[in-house]
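**Q** Could you have a look at this structure, given as structure tokens, before my questions?
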Amino acid sequence: MRRRNRIPDRYNMGRSHVAPFVPGEGPRERHERRKDTNLTYVDELKRWCDTHGWQFEVKNDHHHWIFRKEGTKVEWWPSTAKLVKNQKWTKAYHCHDYLQLETFLLKADLMTRHKNP
């Protein structure tokens, strides 16, 4: 089986306080822990999205999270920390947790409002 080509993340949102890096932990365990940690905050994130006008849906057994608002689509894979806005894969972010995601969504909303007053 051939490994697919990966597009590296262009931006890093910094260290996570919610799901911090654990030295010596393997990638599979790290990805599972990151996904499980963020899943504990799904209800809080849903309330946040309702408050800020974002539509939120979870796909693929909680591996793919999709956020939509006014023509903007943000996709996040919490296990791999991949965050993409409007399918611009070459401008992807490395986003570890839901707090970093909320910050990104706030900025995306401000940018959309600034472009379309």
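Numbering-wise, our numbering puts 106 at position 106 of the sequence shown, and it's gapless, one number per residue.
Note that CB positions come from ideal geometry on N, CA and C, so glycine has one too.
#1: Taking the alpha-carbon positions, what's the Asn12 to Trp89 distance?
#2: For Arg68 and Trp77, I'd like the C-alpha separation in whole angstroms.
#3: If we call anything under 8 Å between Cβ atoms a contact, is Gln63 one with Leu105?
#4: Figure out for me which residue from Lys91, Asn60, Glu44 and Thr72 has the closest Cα to the Cα of Ser79.
#5: In three-state terms, what does DSSP make of Gln100?
#6: Using a Cβ-Cβ cutoff of less than 6 Å, which residues in the same chain neighbour Val42 once the five nearest sequence positions on both sides are dropped?
#7: Report yes if the CB atom of Arg34 is closer than 8 Å to the CB atom of His96, and no otherwise.
**A** Walking through what the data contain:
#1: Approximately 14 Å, taken between the alpha carbons.
#2: Spanning the alpha carbons of Arg68 and Trp77 requires a straight line of approximately 15 Å.
#3: A small correction: the amino acid at residue 63 is His; Gln does not occupy that position in the sequence shown. No, the Cβ-Cβ distance between His63 and Leu105 is not below 8 Å.
#4: In terms of Cα proximity to Ser79, the closest of Lys91, Asn60, Glu44 and Thr72 is Asn60.
#5: Gln100: helix per DSSP, three-state reduction.
#6: Cβ within range, chain order: n/a, list empty.
#7: Cβ distance < 8 Å, so Arg34 and His96 count as in contact.
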